[in-house]
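The numbering of the sequence shown is our numbering, which starts it at 56 and goes up by one.
C-beta atoms are modelled at their ideal positions from N, C-alpha and C, and glycine is treated no differently.
Quick caveat, the model's predicted, so the values are computed rather than measured.
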Amino acid sequence: MLETLYRRRSIRKFKNVPLERERIEKITKAALLAPSSCGIRPWEFIIVESKQTLKLLSEAKASGSEFLAGAPFAVVVIADETKSDVWIEDAAISSVIIQLEAEKLGLGSCWVQIRNRRTANGESSETYVKKVLDIPFHYRVECIIAAGYPAERKKPYSQDDLLMEKIHYEKY
Ligand SMILES: Cc1cc2nc3c(=O)[nH]c(=O)nc-3n(C[C@H](O)[C@H](O)[C@H](O)COP(=O)(O)O)c2cc1C
């Protein structure tokens, strides 16, 4: 696992190659295996491969979502907030697990924050994404994870990047 964690970097440029069904299936299974508070599993996942929809999603934020237009694949992570008061944590954990599975499958990925963000017109990014994807009212949108075969290289992390001073033993 540490090797995967050192290697994982946010990738925002992708080859114009669709993901194979088996890879998509593995990513969806990884998402569904994420731990959640009390095992409630308030999350749901919308797999998007349509170029047209990805283009619309690329406009979900004033900045930081543009690259979705060039991604072959994305998972929109949503959760039913009426089911759990810690849906944010649950959704975030599943999102990271999607990223780690993508990494293990030789793909690059990047998180696009949606909750608490706004479009260029000042509309809530969540409202925008919910309209694009017909998401029911009581669901919240945490983020969008874009993934695909990387078309950019990033230096893996090394031991020197670790902020060891952030680790405390026994007491602060
Ligand atoms: C909660 C969260 C929100 C993020 N939001 C965005 C985003 O909206 N757009 C984007 O391009 N990257 C986003 N990122 C990716 C970060 O910019 C990236 O993880 C960080 O710069 C560290 O780089 P690394 O992922 O290569 O280690 C987000 C990451 C996290 C964990």
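Q: Round the Cβ separation of Phe128 and Glu104 to the nearest angstrom and send it over; I've been treating them as touching at under 8 Å.
A: Correct: roughly 6 Å between the Cβ atoms.
Q: Would you list the one or two residues that DSSP bridges to Gly163?
A: In the DSSP output, where bridge partners are listed per residue, Gly163 has Gly203.
Q) Measuring CB to CB, does Leu123 end up less than 8 Å from Val167? A) yes
Q: Return yes when at least one heavy atom of ligand 1 lies under 7 Å from the C-beta of Ser120, else no.
A: yes
(Q) Please return the same chain residues whose Cβ sits closer than 8 Å to the Cβ of Leu88, not counting the five positions on each side in sequence. (A) Ile152
Q: Taking the CB atoms as reference points, tell me whether Ala117 and Thr174 lie closer together than 8 Å.
A: yes
**Q.** Within 8 Å, strictly: CB atoms of Ile190 and Ser180
**A.** no
Q) In terms of residues, what are the limits of the alpha helix (DSSP H) holding Val187? A) 180 to 188
Q: Taking only heavy atoms of ligand 1 into account, decide whether any of them is closer than 7 Å to the Cβ of Lys106.
A: no
**Q.** Of the residues Leu60, Ser91, Trp98, Thr59, the one placed nearest Cys198, counting alpha carbons only
**A.** Trp98
Q: Less than 8 Å between the CB atoms is what I'm expecting for Tyr194 and Ile133, so what's the real figure, rounded?
A: Yes, they are in contact, since the Cβ atoms of Tyr194 and Ile133 sit about 5 Å apart, within 8 Å.
Q. With burial defined as no fewer than 16 other Cβ atoms inside 10 Å of the residue's Cβ, what is the status of Leu112: buried or exposed?
A. buried
Q) Starting from Ala134 and walking both ways along the beta strand (DSSP E), at which residues does that stretch end? A) 128 to 135
Q) Considering only residues of the same chain and omitting the five flanking positions on each side of Pro73, which have a CB-CB separation below 6 Å? A) Pro127
Q) Straight-line CA distance for Cys93 to Gly119? A) 33 Å
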